[in-house]
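**Student:** Position 373 of the sequence shown, counted from 1, bears residue number 489 in my numbering, the numbering being contiguous throughout.
C-beta: ideal position from N, C-alpha, C; glycine also.
Keep in mind that this is a model prediction, so the values were computed, not measured.
One structure follows; several queries about it will come next.
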Amino acid sequence: MTAPSRPPAAPSRRALLRAGLAGAGLLTLAACRSAVEHSRNAAADVDGGGTPRKGGVLSIASAIDITPSLLFAQSANVLVQRLVFNTLTRYDDRLQPQPELATSWQVAPDGLSVTLKLREDVLFHSGRRFTADDVVFAVKNLQNPARSAQLRSTAAAVTDFRKNGDFELTLVLAHPVSNLFDLFEFMIIPDAATVEDAVAGTRLIGTGPFTLTERKPGSSIAFARNERYWNPGRPHLDGVEIRIIPQSESLLSSLKTGQTHLSYNIRGKDAALLRDDPRFHVKQYDTGSGAYYIGVDVTAEHVSDKRVRQAIAWAIDRDRLVQQALGGYGSVSSVPWPKSSPAYTEAGATHYRHDPERARALLREAGAENITLPFAHAAEPGPTAIAQILQYDLKQVGIETELRPADSPTMQKQLISQTMPALWSLSHGFAQLHPATLAVSAYPFNEAKNSSHFSSPAYTDVVQRAWNRSDSDGPEAKALYQQITDVLLDEEFVIDLAIAGLVEVTGSRARGVTLNKFGYLNLDDAYLAA
117 MTAPSRPPAA PSRRALLRAG LAGAGLLTLA ACRSAVEHSR NAAADVDGGG TPRKGGVLSI
177 ASAIDITPSL LFAQSANVLV QRLVFNTLTR YDDRLQPQPE LATSWQVAPD GLSVTLKLRE
237 DVLFHSGRRF TADDVVFAVK NLQNPARSAQ LRSTAAAVTD FRKNGDFELT LVLAHPVSNL
297 FDLFEFMIIP DAATVEDAVA GTRLIGTGPF TLTERKPGSS IAFARNERYW NPGRPHLDGV
357 EIRIIPQSES LLSSLKTGQT HLSYNIRGKD AALLRDDPRF HVKQYDTGSG AYYIGVDVTA
417 EHVSDKRVRQ AIAWAIDRDR LVQQALGGYG SVSSVPWPKS SPAYTEAGAT HYRHDPERAR
477 ALLREAGAEN ITLPFAHAAE PGPTAIAQIL QYDLKQVGIE TELRPADSPT MQKQLISQTM
537 PALWSLSHGF AQLHPATLAV SAYPFNEAKN SSHFSSPAYT DVVQRAWNRS DSDGPEAKAL
597 YQQITDVLLD EEFVIDLAIA GLVEVTGSRA RGVTLNKFGY LNLDDAYLAA
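In C-alpha cells:
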C-alpha cells in the first residue's frame, strides 16, 4: 500500500479503535472529561448509583476474544483474569499495596526478602484450600519462559521460598527489587493441577469471584457466581457474560439497546457523544495505562541509524493523530511515562514535536533520503486508520512505507518472537506502574531482550540500577529514571506518540465496576441497578 498524497481523513464511524496488543488488547484513550461527564461520574463514584442489588448477569461487549495461551501475560485476557483468579495484593490510587490473598507483608531492611502472611479462608473453585504452596507455584509459573509473562524477570529475582506453615511464606530475592509489588498486582494465582487446561482454554480454576461455566470461542464466555468466595457478601452478581462483537457498529448498538452493559472498546468519537447521554457513564482512567508508539527494528536497513529513527520522531504530527485517530482522547508525548509517573517530566514529553524540516535534515545527514520501509499494523479499522496517518506524515519527509496489516494474534506473536519488520505500530502498557517495570518487562522496552533488537550497555546499566533497589520514588531513583528517558529519546527504538488512559463505557444499570493497575476487570462490588 502506498502513502496517500494528502492527509487521510478522520476515521469513519467504522474505524474502531481496538487495542494495541502489547497494551492489554483493549482500546486505551485519555482526555479531560466534560463538565457533564465529570459531575455525573463523580456522583456515581460516591454512592455507586444506589444500594447494591443482588442478582442479575452483567453483559460485557468485547471486540476481541481472549487468548488462553497468553493467560499469564498482559493481553486480551484482562477481562477474565480477575474474574476467575485473585492476586496477592492490589494497588490503591496512590500505588500503595492493599491486601488481597496476602493479608500483610514485611520487606526486609536490606530488600533481599519479603515475608507474606496469607488468608486462611480461601478455596479454589475445585474446593481445594489455598496455601503457601500455591504462591510458590504461581511464582515458578511466571518464571517459565513458555508463559511469555512480561514480569518474568521480576519473578526470576525470587531465588528461594521459605514456608512457615501453610499460610506464611518468605520470598528470598537475588537483589532488591523496586517493582516487587507490581509483580504481586500482576501475578494471578492459578491451580497447579489444571494450569495446562487453563492455557489451552478448556478449564479455568482459580479462587476468584466467578467460575467459568461455558466458552464458545469467537462468540461468548459465561461465568457464574462463586458461592464460596472468600470476600463476604461478594460478588453481588449472579453471573457475567462476555460477548465477542468484532463489528464496531454492532458493538455500539448492543450498548445502546441494553443488550450489553459495559465495554472498553468504544472508539473515541462515539465515547465523546455518549458522555453527554444520561443513559451512559463514561469513566476515564487517568493512570496512563497505555501509549501508542512506532516500534523500530534497529537491525533493519536504514533504521539501524538512530538519525533516521529520530527523523521519524520529528516527522509525526502527534496532535493530528490524537484528534483524528483518537477522537481527541489522548495527550501527545515523546516518552512512555504518564503524568502520574515519578519518571515524567514536561521536557521529556515535549521533546519531539512536529518538525518536518528537521526530519528531512536528519535524513539527508544519514544519507537516507527517499527510502522505503515495511510497516506492520493490526488489521482492525482503528489501528489501520492510525497507520495511514503515520504513513502520510512519513511520506512528507521522503519515507515511503509499505503497510502490512496482520490479524491481532499474528501481531502479538511477532512482537514476542522479535520478528517484526522495520516499522510497526501498536500500543504498550507498563509505564503506569513503577518505572523500572517498563524497562524490564514490556516487550518493546525490555533491556535484556526486546522486539526492536536494541541493546546498549548504558541502557542495561541504568535500567538494572533503577530496578535493583528498594526505593522507587526518591531523588536517586528519579535521577536514574531521567537517565532511562535520555536513552529512550536519543536512541528512539520505541517512538512514543501519545499517552492514553482506559475509557470505560457503561449503561445506566452497571455499577461498581473497577480495574486494577494492569487493567484486570474487578467485579467484586459490581451490580446491576434496578
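Helix, strand or coil for Leu644, going by three-state DSSP, please let me know.
**Tutor:** Here Leu644 sits in strand by DSSP.
**Student:** Classify Thr535: buried if its beta carbon has 16 or more other beta carbons within 10 angstroms, exposed otherwise.
**Tutor:** Its Cβ having fewer than 16 others within 10 Å, Thr535 is exposed.
**Student:** Tell me whether Pro573 is buried or exposed, calling it buried when 16 or more other Cβ atoms sit within 10 Å of its Cβ.
**Tutor:** Answer is exposed; the Cβ neighbour count stays below 16.
**Student:** Return the bridge partner residues of Ala492 from the DSSP annotation.
**Tutor:** DSSP, once it has assigned bridges, lists Arg520 and Trp540 as partnering Ala492.
**Student:** State the DSSP-derived secondary structure class of Tyr636, mapped to helix, strand or coil.
**Tutor:** Three-state result, Tyr636: coil.
**Student:** Inspect the CB distances between the region 474 to 486 and the region 426 to 446 and report whether three or more fall short of 8 Å.
**Tutor:** Short answer: they touch.
**Student:** In the DSSP assignment, the alpha helix (DSSP H) including Trp430 goes from what residue to what residue?
**Tutor:** Note, Trp430: alpha helix (DSSP H), Lys422 to Ala431.
**Student:** Give the secondary structure of Asp612 by DSSP, where H, G and I count as helix, E and B as strand, and everything else as coil.
**Tutor:** Three-state result, Asp612: strand.
**Student:** In chain order, what residues of the same chain lie with their CB nearer than 7 Å to the CB of Ala614, ignoring the 5 residues before and after it?
**Tutor:** Counting only Cβ-Cβ distances below 7 Å, and skipping sequence neighbours, we find Ala407, Tyr408, Arg434, Leu437, Val438, Leu442, Gly446, Ser447, Val448 and Ser449.
**Student:** Among Asp640, His544 and Ser557, which has the Cα closest to the Cα of Ala616?
**Tutor:** Nearest of Asp640, His544 and Ser557 to Ala616, Cα basis: His544.
**Student:** Excluding five sequence neighbours on each side, which residues of the same chain lie with their C-beta closer than 8 Å to the C-beta of Gly322?
**Tutor:** Answer for Gly322: Val200, Phe201, Asn202, Phe240, His241, Ile304, Ile305, Pro306 and Asp307, listed in chain order.
**Student:** I think Asn381 touches Ser191, with their Cβ atoms under 8 Å apart; what is that distance to the nearest whole Å?
**Tutor:** Not really, about 15 Å apart at Cβ, beyond 8 Å.
**Student:** Using a Cβ-Cβ cutoff of less than 8 Å, which residues in the same chain neighbour Tyr460 once the five nearest sequence positions on both sides are dropped?
**Tutor:** Val451, Trp453 and Pro454.
**Student:** Pop quiz: Ala174 and Ala645 are said to be a contact at Cβ under 8 Å. What is the actual Cβ separation, rounded to whole angstroms?
**Tutor:** In the sequence as displayed, the identity of residue 174 is Leu instead of Ala. Actually they are not in contact, since the Cβ atoms of Leu174 and Ala645 sit about 11 Å apart, beyond 8 Å.
**Student:** Candidates Ala593, Ile182, Asp640 and Gly384: which alpha carbon is nearest Leu674's?
**Tutor:** Since the first residue of the chain shown is 117 and the last is 646, residue 674 is not available in this structure.
**Student:** Between Arg206, Lys633, Ala555 and Val424, which lies nearest to Glu608 when the distance is taken from Cα to Cα?
**Tutor:** When each option's Cα is compared against that of Glu608, the closest is Val424.
**Student:** Taking the alpha-carbon positions, what's the Pro261 to Arg268 distance?
**Tutor:** Taking the straight line joining both Cα atoms gives about 8 Å.
**Student:** To the nearest angstrom, report how far apart His470 and Pro525 are at their CA atoms.
**Tutor:** Each residue's alpha carbon lies about 32 Å from the other.
**Student:** What do you get for Arg206, buried or exposed, if any count of 16 or more other CB atoms within 10 angstroms of its CB means buried?
**Tutor:** Flag for Arg206 reads buried.
**Student:** Please return the same chain residues whose Cβ sits closer than 7 Å to the Cβ of Ser229, not counting the five positions on each side in sequence.
**Tutor:** Around Ser229: Thr286, Leu287, Val288 and Leu289.
**Student:** By the three-class DSSP mapping on this structure, what secondary structure does Leu453 have?
**Tutor:** With the sequence shown as reference, residue 453 is identified as Trp, and Leu is not the correct amino acid for it. Trp453 falls in the coil class under three-state DSSP.
**Student:** What does the Cβ neighbour count give for Asn280, buried or exposed, with the cut at 16 atoms within 10 Å?
**Tutor:** Exposed: under 16 other Cβ atoms inside 10 Å.
**Student:** What residue does the alpha helix (DSSP H) around Ser370 start on, and which one ends it?
**Tutor:** Counting along the chain, the alpha helix (DSSP H) containing Ser370 begins and ends at Ser364 to Lys372.
**Student:** In three-state DSSP terms, what is Gly384?
**Tutor:** Helix at Gly384.
**Student:** So is Asn486 buried or exposed if we call it buried at 16+ other beta carbons inside 10 Å?
**Tutor:** Asn486 should be labelled exposed.
**Student:** The alpha helix (DSSP H) that contains Thr500, what's its start and end?
**Tutor:** It spans Pro497 to Lys511 - the alpha helix (DSSP H) in which Thr500 sits, taken as one unbroken run.
**Student:** When DSSP labels each residue in this structure, what does Arg581 get in the three-state scheme?
**Tutor:** Arg581 falls in the helix class under three-state DSSP.
**Student:** With a CB to CB cut of under 8 Å and the five nearest residues on each side skipped, what residues in its chain are close to Glu330?
**Tutor:** Around Glu330: Ser336, Ile337 and Ala338.
**Student:** Which runs of the beta strand (DSSP E) spanning at least 3 residues fall entirely within the region 335 to 363, listed in chain order?
**Tutor:** Within the region 335 to 363, the complete beta strand (DSSP E) runs of at least 3 residues are 336 to 341 and 355 to 360.
**Student:** Using the rule of at least 16 other Cβ atoms within 10 Å of the residue's Cβ for burial, across every protein chain shown, is Pro551 buried or exposed?
**Tutor:** Flag for Pro551 reads buried.
**Student:** Spell out the partners DSSP gives Asp276 in its beta bridges.
**Tutor:** Looking at the DSSP assignment, Asp276 forms a beta bridge with Val288.
**Student:** Below 8 Å on the Cβ atoms is my guess for Ile182 versus Ser379; work out the distance and round it to an integer in Å.
**Tutor:** At roughly 15 Å, the Cβ-Cβ gap does not stay under 8 Å, so Ile182 and Ser379 are not in contact.
**Student:** Residues in the same chain with beta-carbon distance under 8 Å from Val603, minus the five sequence neighbours each way, listed in chain order, please.
**Tutor:** Around Val603: Ser572, Ala574, Tyr575 and Val578.
**Student:** What did DSSP end up calling Ala177 once you bin it into helix, strand or coil?
**Tutor:** Note: Ala177 maps to strand in three-state DSSP.
**Student:** With H, G and I counted as helix, E and B as strand and the rest as coil, what does DSSP make of Val629?
**Tutor:** Coil, per DSSP.
**Student:** Kindly indicate the opening and closing residues of the beta strand (DSSP E) around Lys232.
**Tutor:** Position check: residue 232 holds Leu in this sequence, whereas Lys was assumed. Looking at the DSSP string, the run of the beta strand (DSSP E) that includes Leu232 is Ser229 to Leu234.
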